[in-house]
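For the record, in the sequence shown the residue sitting at position 156 is 1505 according to this note's numbering, with numbers rising by one throughout.
Ideal placement from N, C-alpha and C gives every residue a C-beta, glycine not left out.
Since the model is a prediction, treat every value here as computed from it, not as a measurement.
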Amino acid sequence: MADELYKKGIDGSLSRCLSQADKEISLGEVHRVFPLEINLNTLRILRQDELPVDDYWNAMYDELNNLDSERVLTLENMIQQKKNVVRNYNHRVKEKCFSIGELILKVVLPIEKKSRFLGKWTLATWEGPFQVIELYSGNTYRIKDIDSGNVINSINGKYLKQYRCMPNQD
């Protein structure tokens, strides 16, 4: 341990620094030609021995440029796949839009009464009517209780539904 050099990491662990021989072995492993490359017949394998140094490096830069175009195509493919996932996920979502002055009901969720099978929406009841005072972005509304005049500054539209007056049956 006396002739070896160590480096202390952030977490306090000690890592042994590579000697010259170890460094050459490690670099040889990194730059080794893999059997997969031989089977694919990449430009690096096919022509690396017969090309002059300048032409070899130009060919390497060309392959790097091709890599960039492949990355762009892959990125476009990923964006399209994400759009497909969003479309498939949201195909059953029904958007609720309320306008200012419209009458609505607000959901009242019970605190600790829920079904094991149906979750927290089992015993939901509705209270109201409320009137929409203001619209915010992100399907958020400011509403006012018609009876008491209390104002709820911000509530998500998923907790609201349209109020429909029931005609009196006399």
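Test item: CB-CB of residue i and residue j under 8 angstroms
i	j	result
TRP1475	VAL1456	yes
LEU1509	PRO1478	no
SER1364	LYS1356	yes
ASN1488	ASN1505	yes
Residue i classed as buried or exposed, judged by whether at least 16 other C-beta atoms fall within 10 angstroms
i	result
TYR1438	exposed
LEU1458	exposed
LEU1416	exposed
ILE1492	buried
TYR1490	buried
Best match in the options for proximity to residue i [C-alpha to C-alpha]
i	options	result
ASP1494	GLU1419, GLU1425, GLU1444 and LEU1454	LEU1454
GLU1444	SER1418, ASP1496, ASN1414 and GLN1511	GLN1511
GLN1369	ASN1433, GLU1353, ASN1407 and TRP1406	GLU1353
PHE1447	LYS1507, MET1409, ILE1374 and CYS1366	LYS1507
Check: residue i C-beta below 7 angstroms from any heavy atom of the ligand SAM
i	result
TYR1490	Looking for the ligand SAM in the displayed structure turns up nothing, as the structure carries no ligands at all.
Stretch pair the segment 1421-1437 + the segment 1474-1491: three plus CB contacts closer than 8 angstroms: no
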